[in-house]
Structures are given as C-alpha cells and as structure tokens.
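Novice:
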Amino acid sequence: MIGQLLANGIILGATIALGAIGLTMTYNILDFANFAQGELLTFGAYFALIAVSAFAGVHSTFGALSFGWPMVVALLLAAALTSLLAILVDWLVFRPLRRSSIQVALVIASFGASLLLRHLVVLIWGPQPAYYTTNIQISTQILPGVRVTPDQIFLVALTALLVVGLHFFLSRTKLGKAMRATADDPQLAQVTGIDVARVVRWTWIVGGSLAAVAGVLYGMTVQILPEMGFNLILPLFAAAILGGVGSVYGAVLGGLVIGIAENLSVLFLTPTYKPAIAFLLMIAVLLVRPTGILGKPKL
Amino acid sequence: MSLLQVDQLVAGYLRGVPILRGVSLSVAQGEIVTVLGPNGAGKSTLVKSIAGLVPVFGGHTTLDGQPLGNLPAHRLIAVGLAYVPQTNNIFKRLSVLENLEMGGYPLRGRLDARIARVFDLFPELLPFRKQAAGRLSGGQRQMVAIGRALMVDPKLLILDEPSAGLSPKLVAQVFSKVRQIRDAGVTVLMVEQNAKAALQISDRGYVLAEGRERIQDQASALLVNPEVGELYLGAKGKLL
Amino acid sequence: MSGVLSYLVFFLTTAAIYSIASLGLNLQWGRTGLFNIGVSGFFAVGAYAYAILTISPLTGQPGLGWPVLAGLLGAMVAAGLFALLVGIPTLRLRDDYLAIATIGIAITVQLIATNEPELTGGTNGLFAIPQPVAGWLHGSGGVAFLILVLICVALVYLALERMIHSPWGRVLVAIREDETAASSLGKSAFSFRLQSLVIGSMAMGLSGALYAAFIKFISPQDFLPIFTFQVWAMLILGGSGSSAGALLGSLVVWAIWTLSGGLIQAALPAKLQVDSGAIQIILIGLLLMLVILFRPSGLLGRKRPAVHRSTVPSKEQA
Numbered sequence: 006m007i008g009q010l011l012a013n014g015i016i017l018g019a020t021i022a023l024g025a026i027g028l029t030m031t032y033n034i035l036d037f038a039n040f041a042q043g044e045l046l047t048f049g050a051y052f053a054l055i056a057v058s059a060f061a062g063v064h065s066t067f068g069a070l071s072f073g074w075p076m077v078v079a080l081l082l083a084a085a086l087t088s089l090l091a092i093l094v095d096w097l098v099f100r101p102l103r104r105s106s107i108q109v110a111l112v113i114a115s116f117g118a119s120l121l122l123r124h125l126v127v128l129i130w131g132p133q134p135a136y137y138t139t140n141i142q143i144s145t146q147i148l149p150g151v152r153v154t155p156d157q158i159f160l161v162a163l164t165a166l167l168v169v170g171l172h173f174f175l176s177r178t179k180l181g182k183a184m185r186a187t188a189d190d191p192q193l194a195q196v197t198g199i200d201v202a203r204v205v206r207w208t209w210i211v212g213g214s215l216a217a218v219a220g221v222l223y224g225m226t227v228q229i230l231p232e233m234g235f236n237l238i239l240p241l242f243a244a245a246i247l248g249g250v251g252s253v254y255g256a257v258l259g260g261l262v263i264g265i266a267e268n269l270s271v272l273f274l275t276p277t278y279k280p281a282i283a284f285l286l287m288i289a290v291l292l293v294r295p296t297g298i299l300g301k302p303k304l
Numbered sequence: 004m005s006l007l008q009v010d011q012l013v014a015g016y017l018r019g020v021p022i023l024r025g026v027s028l029s030v031a032q033g034e035i036v037t038v039l040g041p042n043g044a045g046k047s048t049l050v051k052s053i054a055g056l057v058p059v060f061g062g063h064t065t066l067d068g069q070p071l072g073n074l075p076a077h078r079l080i081a082v083g084l085a086y087v088p089q090t091n092n093i094f095k096r097l098s099v100l101e102n103l104e105m106g107g108y109p110l111r112g113r114l115d116a117r118i119a120r121v122f123d124l125f126p127e128l129l130p131f132r133k134q135a136a137g138r139l140s141g142g143q144r145q146m147v148a149i150g151r152a153l154m155v156d157p158k159l160l161i162l163d164e165p166s167a168g169l170s171p172k173l174v175a176q177v178f179s180k181v182r183q184i185r186d187a188g189v190t191v192l193m194v195e196q197n198a199k200a201a202l203q204i205s206d207r208g209y210v211l212a213e214g215r216e217r218i219q220d221q222a223s224a225l226l227v228n229p230e231v232g233e234l235y236l237g238a239k240g241k242l243l
Numbered sequence: 014m015s016g017v018l019s020y021l022v023f024f025l026t027t028a029a030i031y032s033i034a035s036l037g038l039n040l041q042w043g044r045t046g047l048f049n050i051g052v053s054g055f056f057a058v059g060a061y062a063y064a065i066l067t068i069s070p071l072t073g074q075p076g077l078g079w080p081v082l083a084g085l086l087g088a089m090v091a092a093g094l095f096a097l098l099v100g101i102p103t104l105r106l107r108d109d110y111l112a113i114a115t116i117g118i119a120i121t122v123q124l125i126a127t128n129e130p131e132l133t134g135g136t137n138g139l140f141a142i143p144q145p146v147a148g149w150l151h152g153s154g155g156v157a158f159l160i161l162v163l164i165c166v167a168l169v170y171l172a173l174e175r176m177i178h179s180p181w182g183r184v185l186v187a188i189r190e191d192e193t194a195a196s197s198l199g200k201s202a203f204s205f206r207l208q209s210l211v212i213g214s215m216a217m218g219l220s221g222a223l224y225a226a227f228i229k230f231i232s233p234q235d236f237l238p239i240f241t242f243q244v245w246a247m248l249i250l251g252g253s254g255s256s257a258g259a260l261l262g263s264l265v266v267w268a269i270w271t272l273s274g275g276l277i278q279a280a281l282p283a284k285l286q287v288d289s290g291a292i293q294i295i296l297i298g299l300l301l302m303l304v305i306l307f308r309p310s311g312l313l314g315r316k317r318p319a320v321h322r323s324t325v326p327s328k329e330q331a
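The listed protein sequences correspond, in order, to chains U, R and P.
Okay, so the first sequence: first residue is 6 according to our numbering, each after it adds one.
Okay, so the second sequence: first residue is 4 according to our numbering, each after it adds one.
Okay, so the third sequence: first residue is 14 according to our numbering, each after it adds one.
Laid out in structure tokens, this is it:
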C-alpha cells in the first residue's frame, strides 16, 4: 500500500516539479509570483490535444506505451505554442505593467490572466474532460505491491531527462548562465551588457515549454480538464516554496515532496483533500523555517 | 583630447528634482580621476548617470567623441564604458569564473585569454574560481567586480566607491590594483569617500558639492588644499 | 412593483454587498499593503458560518437555528479566525507569500464546502437560509433588506474610516509606505498588519453572510476566484486607499459587469454565451490595466507618492 502510494507520489511529483520550475524561473527573473502558470499547463495539454486529434487516423504506438509518434509531434507543438502564448501574455499584459508604480500590479494581472485563460479554454474546448486516447493501459508490477503503467514510467523518465537537460543548459550555455545572472541581480545584468529582454523571452520559452510538457503528461496519466492547471497552482507554489524559491533542483525536490505527501495523505484523509495537503505543508514550512528555506526574507 | 567629456550634466531620479545641477568634468586618456565630495553631493548619481542608470535631463556627455546621450546601460559596453556599482556588484550565486564570463557576455568567441588576463591581475582569485562569488570576502568580491568589468577591455572604467567597507590594508591593495589597471592602458574614473587614499593614486580630482563641481585640481594639490578638508570634515583643516 | 424597479433593488443590493468586501480589502491592501487574493475564501467562510448558525434544524440540514443577528456576528468572527490562521505564518514574509497563502485558504475553504456534506451540504449546498427583516415593508420586494444592507455598508464605512484616521490607521500607512518605519516597529509591525488583516476579513465575512441571507441558497459554486478578481477590480478602479473609492468602484464595476453580461447575452450567438465570463474578464481586465497605467490612484484615490519598483529594496541585501 505505502509502496504504491509512494510510486503515485513520485509520478504526480514529477508533473508538479516541471510546472514549479517555470514558476521559480519567472519568480526569480521577473520578480513576481505568476498565478497564470497553472493555465500554461492547461493550454499545453489542450494544444497537444489538437495535434493528437489531427493524427486520429494514424495508428502508431511505441511498445507498451499508449501513444506513438503523433504524441511526439503533439509534445513539440504544445511546447512551441505554449511558449508563444506565454510570450504573448507577457507582451500584452505583463510588459506594459512592469513600468507601473503599483508594486503588485503584475501579480494582480497574472491572477486576472489566469481567470481569463481558464475561461478561454472553456470557450474553445468546452467544459467536459478530454483524453488523448481511450485505450485502457494495463499496469505492471515493478516491485512487490507497486503497479505502474508504461505511460507513468515514461512520465518519470521524461521528467528526469528534462531536468538533467535543464541543468546542463543553465550551467554550461552562455544563455543559461545569463538567465542565472539575471535572476541573481537584474540591474547588474543590465550593466554587464546582458540583453535582459532576450533573457526574459527565453525564461518564458523554457518555463512555458516545461509547463506544456507537464500539462501533457498530466493529461496523459490523469485527464485533460479546463481547471487542471488551476487545481495544480497550490501544489506548484508549495513545491517552489518548499524547494527554496530560486533553485531548479529545489523545485524538483519540492515537487516530489508535495506529490508524495499528497498521496500518502489518503492514509488519513479522503482523497478529495489532496490539494489542501500541499497548502498545509507550505504553511508548516513557513512556520518552521520562515526565511531559511525561502532564502529571500522580507526586509 | 579628453576621453570622457561631461558638459553641464543635469540628472536625477525625478524630473524637476535634479540631483546634478550642471556638472562638467573631463577625463583624459590614461588618467585616474577621482570625484570627491560630502555625502549627498551627488557623486554616485554622477557616475550612475554617466553609466545610463539615472535619467539625464540636460547637458552633454561624450566618450571618445561619441555622444552617450540617454543610451541604456547595456548599450554602453559597446561604446567602451564599463561600470562597477558600489554595492550589488557581483552575481552572488554565480561562480567567480561565471562572473567573468558574464562580464564578457557581449563578446563573441572564446574568452579564455581575457579570463587569464584577469587572473594575472588578481592571482588571489584563482583558488576560488569555481566558488560562488557571494561567499568571498569583501576585498575579493571587489576584485571579482572589477575583473568582470575589465573583461570587455573598456576604454573607461568607472568605479563607484571601490574601497567602501574594506579594511585599510585591503583599501591599499585595491588601489594598487587600480593603478596597475591604469598602467595597462585603461582610463579610470572613480568616486570615493576615502579621499586621502584615492587622491594618492589619482592624477586629478574633482570636488562635488550640492550637485555642482566646486573644485578641480591636480591630485597632489587637492591633498593639501584646506578648502577640500573643510568640505570634507566640516572643519578647517587639510587632508595631509 | 415594476420589473425594472425590482431589478434595480436586486442590482443595488448585490453592489452594496460587494462594496462591504471591497471596504475590507481597502483596509488590507489600500491602507496596509496586505496582498489578499483569497477574498472569495473569507467571503465563503462568512456565508457558510451565517447559514450554518441560522438555518433551522427543522429543515433537516446542519443548522443551529440561532437568531440572524448572532449569525451575522458569528460570520464575522469565523472569517476573522481564518484570517488569523493565514496571517500568523505569512505576514512576516514577502507580500507574495501572503498572496499564495490567501489563495490557498480560498481553495481549501472550497474543498471543505464541497466535501463535508454534514457541515455544508456538499455540492448541493445549503438552502432556506433565514433573511433578516424578511416580511418587513410587506410587498416592497426586498427594499427592506436593501435598507438593512445599506445600513451595514454605512456602519462598516464609518467604523473603518474612524480606524483609518485614528493613530492606529496612521501606523498602518507608515508601515506600508516606509520599510524603515516598519522595521523600527519590529514585532509590533507584525501585530498591526495582523490586526488589519483580521478586521478586513471580518468585513468580507459580513459581506458573505449578507450574500447568503440575500440569495437564501449557497453552494461551493458561489465562491469562485472570479469573485476575488471582481472585488480587486472594484478597489483599484475606485481608488485604492480610499473608502469612498471602494464604494464607488463597487457600483461602477458591478454595473459594467451586469451590463456587459446582458449585452453579451443579447448580441452573441447562443454557442458563445456559454462562457460570457471570458469576455467580461477581458473587458474589466482591460479597464484595470488602463487605470493602473494611466491613473494609478483610481477614480477617488488620494494622490500619494508612488512607490516605484526600482526603489523597492533589491532582492538581496545580504
């Protein structure tokens, strides 16, 4: 029982981690909590649905997985379109407000953007849940008492691959280092000659792409729903805060902790309270280590 | 022909509330020039406005004959101007090496030779190259900051209070590095509180008061000028 | 009473109920700089507390059958307690964390409302909620209740204005405007912020209670984040920091919301009407952006030196 819950926790945690990375990056580089991050996951899932539906006649599956190359195309398309959407929202909503004298205009705007995007999803795709495939996957036993589907194994493997890839991007490439530098000190980055506007664009591209992949993976293993991203926003924030806002690896760790905690909670609570667990855990962390874990104390 | 020419510069954070009220100064090729002045005289604002970080409302600034106007900070590197802020002048979470690489961000191609040159100037940083810059001591941080600015081979290096918060021994060390940098061909304009130590390595100096330059002279003359001591210490006296 | 007139009564009652919540937000955000984006949560706590306290057990629902006045007071106390719960761990931290915590409480309240049928009626909600002054001014179609709500607005307005202009209120502004003042107050700055959060949330709780009494039926669907967005829109448009602005903003935003909803219903094909909310949000959102960019003090906000992002202490001073 516990083994199975742990496995479920890692699977959910991987999805949360991918979304939380994007949240952490925008938080650090643009200096605001983006409440519309959840909707990037939602849009990613729906963009992929477009591609999957377009290839509906193609029957291709990779081994035991429920999908074939149309899903690869769908993932790439979702990442590209979600990045574009993120840049568009930044350009239309956040960029003009960066000049505002109202300090939290960006956060309020992101809250409004999240509502708007959610309504747009309902407007375009309708309120009913959707699925990439109607095939039922058979789960296999990988450890005594732990059963997972091939898709779930793929999910965890892809997440691990993306995190490693991101690590190399941030630590080895010029652009990646410039992103870390800008996150560290935007004004100094400007003085140093870093093209901050370009860094901001790439922040949305990386964060948006990871969010899209997270959305597709969530849609693949759970379901696609207009509220899916909003339902994940608390776990995303909790993961980012738990991991110490600012570090990619912290977000991954935070995601895993939240995913596992939410799943273990069914031992004590009805499963419908899963999202509240993330919240309680976050409050607990804030109470115990209000500044230590966050690293950025309020002055 | 001076490298940096500032004429009647008016600048400040809010239009209508200028902090600089018409400052003029010039820095010749190969000089070390220090700007002194009591707190609130506008020293930091002066270098920040030259570095494109404070809005300029009037006056004219040229570097090597090129007008700087209101060029944004990140474009000034290309013109040959590198600026080291007084605080928050390093990327704390990046390693020393990465800090230098970021200094060379606008350049294309490999940076190895330039990085090696910075480590030649600051050999004491070499053992810490892979360490997060935020963990270094105050003096070492200052060297990282200056090293980062030197990566682009600037014509003019602007230092905002490089000795702030350093022990007297470290101040001497940093200033001797500044001299070495000048001897390598980089012109230096710096703002300093530590008037005596700064003037000792400078060629010329300006004293700023209430948003205007009050006195300009050879550094050696300023050191013995009683008026400078008065502006500084608020009492009669001279620095030496 | 004619249809138009009774619609006007309905419109005014709703706007007045909203305005109590935005008065509360004005104390929290406008005066103290507390970033509460879980307004719908405190509103819901007030609504449910009022319903549970006042519903007659004879209806077969979880209800205590208390008098309505006790219900209103209980709603305020309940919302205040929730505010305490959120405020204590987060008020010492960056503003964003309070924002995240408040949206967390809003989501948690909704989860409880949905999943505890023995307490909240679950997705079916609670009905037959008693209304104060019901049956007074017989046949006036709700005018009596509107008058009651307006009296509540007036009382909240006067009470908050008194607080805002007391030494206590000036300390709040000092804390918001000046980081050094805040830090020199040290521990007591935290306590001032907490008091402001609790009192503001009590107003939101009262607003929720009046809503429950007005509609007489509540379910989790009544307390979505869009409510929070509307209240913020009201405050920003009216003028953050000004109680009168909060009142005016409530009237204007609710009028725009209702009118645009009506227009969309009339103008758009049925298929697109399903989610007229998106268009209304774009409309209000656009208006908000224009206000933030070109008239940051809102319609009635007092001019105050703007806090520039660049003057905010940089992220790390260490």
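Here a beta-carbon is modelled for each residue, glycine too, at the ideal position from N, C-alpha and C.
So Ser53 of chain P and Pro238 of chain P are supposed to be a Cβ contact under 8 angstroms. How far apart are they, rounded?
Specialist: The residue labelled residue 53 of chain P in the question sits at position 40 within the third sequence. The residue labelled residue 238 of chain P in the question sits at position 225 within the third sequence. Going by Cβ atoms, the distance from Ser53 of chain P to Pro238 of chain P rounds to 6 angstroms, so yes, they are a contact pair.
Novice: Could you tell me which of R:Gly214, R:Leu17, R:Ser166, R:Met193 sits nearest to Val57 of chain R, measuring between CA atoms?
Specialist: For this step, residue 57 of chain R is matched to residue 54 along the second sequence. Ranking the options by Cα distance to Val57 of chain R, first place goes to R:Leu17.
Novice: For a contact defined as C-beta to C-beta under 9 angstroms, what are the partners of Leu102 of chain U on chain P?
Specialist: Position 97 of the first sequence holds residue 102 of chain U. Result: Met302, Ile305, Leu306.
Novice: What are the residues in the segment 95-119 of chain R lying within 7 angstroms of chain U by C-beta distance?
Specialist: Result list: Lys95, Arg96, Leu97, Glu101, Glu104, Met105, Gly106, Tyr108, Pro109.
Novice: For Gly240 of chain R, count neighbouring C-beta atoms within 10 Å of its own C-beta (all shown protein chains included) and say buried if the count is 16 or more, exposed if not.
Specialist: Within the second sequence, residue 240 of chain R is the residue found at index 237, counting from 1. Residue confidence for Gly240 of chain R is low, a pLDDT of 49 falling below 50, so the modelled location carries little weight; the figure read from the coordinates is stated next. Counting Cβ neighbours within 10 Å, Gly240 of chain R comes out exposed, since fewer than 16 surround it.
Novice: Along the chain, where does the alpha helix (DSSP H) that runs through Leu247 of chain U open and close?
Specialist: Position 242 of the first sequence holds residue 247 of chain U. Counting along the chain, the alpha helix (DSSP H) containing Leu247 of chain U begins and ends at 233-247.
Novice: Ignoring anything shorter than 4 residues or poking outside the segment 128-158 of chain P, list the alpha helix (DSSP H) runs there in chain order.
Specialist: Correct list: 130-133.
Novice: I'd like to know whether the C-beta of Ala126 of chain P is nearer than 8 angstroms to at least one C-beta of chain U.
Specialist: The sequence position of residue 126 of chain P within the third sequence is 113, counting from 1. Taking Cβ atoms only, chain U never reaches closer than 8 angstroms to Ala126 of chain P, which makes this a no.
Novice: Would you identify the three-state DSSP class for Asp156 of chain R, choosing helix, strand or coil?
Specialist: Against the second sequence, residue 156 of chain R aligns to sequence position 153. Three-state result, Asp156 of chain R: coil.
Novice: What does Pro191 of chain U pair with, by DSSP beta-bridge criteria?
Specialist: Along the first sequence, one-based indexing puts residue 191 of chain U at 186. Answer is none; Pro191 of chain U lacks a bridge partner.
Novice: Assuming contact is defined by CB atoms lying nearer than 8 angstroms, are Leu281 of chain P and Ala246 of chain P in contact in what I supplied?
Specialist: Residue 281 of chain P sits at position 268 when you count from the first residue of the third sequence. Residue 246 of chain P sits at position 233 when you count from the first residue of the third sequence. The answer is no: Cβ separation not under 8 angstroms.
Novice: Can the beta-carbon of Glu233 of chain R be found closer than 8 angstroms to that of Gln196 of chain R?
Specialist: As a position in the second sequence, residue 233 of chain R is number 230, starting the count at 1. As a position in the second sequence, residue 196 of chain R is number 193, starting the count at 1. The answer is no: Cβ separation not under 8 angstroms.
Novice: Can Ala335 of chain P and Ile231 of chain P be called in contact, C-beta distance under 8 angstroms?
Specialist: Residue coverage of chain P in this structure runs from 14 to 331, which leaves residue 335 of chain P outside it and unanswerable.
Novice: Using a Cβ cut-off of 8 angstroms (strictly closer), state whether Ile149 of chain R contacts chain U.
Specialist: Your numbering for residue 149 of chain R matches position 146 in the second sequence. Judged by the 8 angstroms Cβ criterion, Ile149 of chain R is not in contact with chain U.
Novice: According to a CB-to-CB cut-off of less than 7 angstroms, which residues of the segment 93-111 of chain P neighbour chain U?
Specialist: The segment 93-111 of chain P vs chain U, Cβ under 7 angstroms: Pro102, Thr103, Arg105, Leu106, Arg107, Asp108, Asp109, Tyr110.
Novice: Please determine, among U:Asn33, U:Thr20, U:His64, the residue with the shortest C-alpha to C-alpha distance to Leu46 of chain U.
Specialist: Locating residue 46 of chain U in the first sequence gives position 41, counting from the first residue. Answer by Cα proximity: U:Thr20.
Novice: Any heavy atom of the ligand NAP inside 7 angstroms of the beta-carbon of Gly61 of chain R?
Specialist: No copy of the ligand NAP appears in this structure; indeed no ligand is present at all.
Novice: Let me check one thing: in DSSP terms, what residues is Val151 of chain U bridge-paired to?
Specialist: Here residue 151 of chain U refers to the residue found at position 146 of the first sequence. Bridge partners of Val151 of chain U: U:Leu148.
Novice: So Gln176 of chain R is in the alpha helix (DSSP H); what residue range does that whole segment cover?
Specialist: Locating residue 176 of chain R in the second sequence gives position 173, where the first residue counts as 1. From DSSP, the alpha helix (DSSP H) with Gln176 of chain R extends over 171-186.
Novice: To the nearest angstrom, report how far apart Trp42 of chain P and Gly213 of chain P are at their CA atoms.
Specialist: Taking the third sequence and counting its residues from 1, one reaches residue 42 of chain P at position 29. Taking the third sequence and counting its residues from 1, one reaches residue 213 of chain P at position 200. Computed Cα separation, rounded: 9 angstroms.
Novice: Within its chain, find whatever has a CB closer than 7 angstroms to the CB of Gly255 of chain U; leave out the 5 residues flanking it on each side and keep chain order.
Specialist: Numbered from its first residue, the first sequence carries residue 255 of chain U at position 250. So the list reads Gly248, Gly249, once near-sequence residues are dropped.
Novice: Is there a Cβ from chain R that is less than 8 angstroms from the Cβ of Val250 of chain U?
Specialist: Position 245 of the first sequence, counted from the start, is the residue given in the question as residue 250 of chain U. It does not; no Cβ of chain R falls within 8 angstroms.
Novice: So Gln157 of chain U and Ile265 of chain U are in contact, right, with Cβ under 8 angstroms, and what is the actual spacing, rounded?
Specialist: By 1-based counting over the first sequence, the position of residue 157 of chain U is 152. By 1-based counting over the first sequence, the position of residue 265 of chain U is 260. Contact doesn't hold; Cβ gap of about 14 angstroms is too wide.
Novice: Using beta-carbon positions only, say whether Leu7 of chain R and Val30 of chain R come within less than 8 angstroms of one another.
Specialist: Start at 1 with the first residue of the second sequence, and residue 7 of chain R comes out as number 4. Start at 1 with the first residue of the second sequence, and residue 30 of chain R comes out as number 27. Going by C-beta atoms, Leu7 of chain R is nearer than 8 angstroms to Val30 of chain R.
Novice: When the cut-off is 8 angstroms and only beta carbons count, does Gly237 of chain R lie next to chain U?
Specialist: Residue 237 of chain R sits at position 234 when you count from the first residue of the second sequence. For Gly237 of chain R, the predicted model reports a pLDDT of 48, less than 50, meaning its position is unreliable and no value from the coordinates is stated.
Novice: Closest to Leu215 of chain U by CA distance: which of U:Leu86, U:Val271, U:Ile55 is it?
Specialist: Translated into positions along the first sequence, residue 215 of chain U becomes position 210. Among U:Leu86, U:Val271, U:Ile55, the Cα nearest to that of Leu215 of chain U belongs to U:Leu86.
Novice: Straight-line CA distance for Val290 of chain U to Leu167 of chain U?
Specialist: To locate residue 290 of chain U, count along the first sequence from 1; it is residue 285. To locate residue 167 of chain U, count along the first sequence from 1; it is residue 162. Rounded to the nearest angstrom, the two C-alpha atoms are 27 angstroms apart.
Novice: Using a Cβ cut-off of 8 angstroms (strictly closer), state whether Val205 of chain U contacts chain R.
Specialist: Start at 1 with the first residue of the first sequence, and residue 205 of chain U comes out as number 200. No - not a single Cβ of chain R is within 8 angstroms of the one on Val205 of chain U.
Novice: Measure the beta-carbon distance from Phe2 of chain U to Leu111 of chain U and round it to whole angstroms, keeping in mind my assumption that it falls under 8 angstroms.
Specialist: One cannot answer for residue 2 of chain U here, as it falls past the ends of chain U, which runs 6 to 304.
Novice: Using the rule of at least 16 other Cβ atoms within 10 Å of the residue's Cβ for burial, across every protein chain shown, is Ala162 of chain U buried or exposed?
Specialist: Your numbering for residue 162 of chain U matches position 157 in the first sequence. Classification of Ala162 of chain U: exposed, given that the 10 Å Cβ count is below 16.
Novice: Which one or two residues does DSSP pair with Glu267 of chain U in a beta bridge?
Specialist: Here residue 267 of chain U refers to the residue found at position 262 of the first sequence. According to DSSP, which records beta bridges pairwise, Glu267 of chain U is partnered with nothing at all.
Novice: Would you give the residue range spanned by the beta strand (DSSP E) that Ile35 of chain R belongs to?
Specialist: Stepping through the second sequence from its first residue, residue 35 of chain R is reached at position 32. It spans 35-39 - the beta strand (DSSP E) in which Ile35 of chain R sits, taken as one unbroken run.
Novice: Measure from the alpha carbon of Gly19 of chain R to the alpha carbon of each residue in R:Phe60, R:Leu49, R:Ser47, then state which is nearest.
Specialist: Locating residue 19 of chain R in the second sequence gives position 16, where the first residue counts as 1. Nearest option by C-alpha distance: R:Phe60.
Novice: Could you list which residues in chain U have their beta carbon closer than 8 angstroms to that of His63 of chain R, in chain order?
Specialist: By 1-based counting over the second sequence, the position of residue 63 of chain R is 60. Chain U residues near His63 of chain R: none, gap ~22 angstroms exceeds 8 angstroms.
Novice: Does Gly117 of chain U get closer than 8 angstroms to chain P when you measure Cβ to Cβ?
Specialist: Counting from one through the first sequence, the residue named residue 117 of chain U turns up at place 112. Yes - at least one Cβ of chain P is within 8 angstroms of the one on Gly117 of chain U.
Novice: If you draw a straight line from the alpha carbon of Glu232 of chain U to that of Ile120 of chain P, how long is it in whole angstroms?
Specialist: Mapped onto the first sequence, residue 232 of chain U falls at position 227. Mapped onto the third sequence, residue 120 of chain P falls at position 107. About 13 angstroms.
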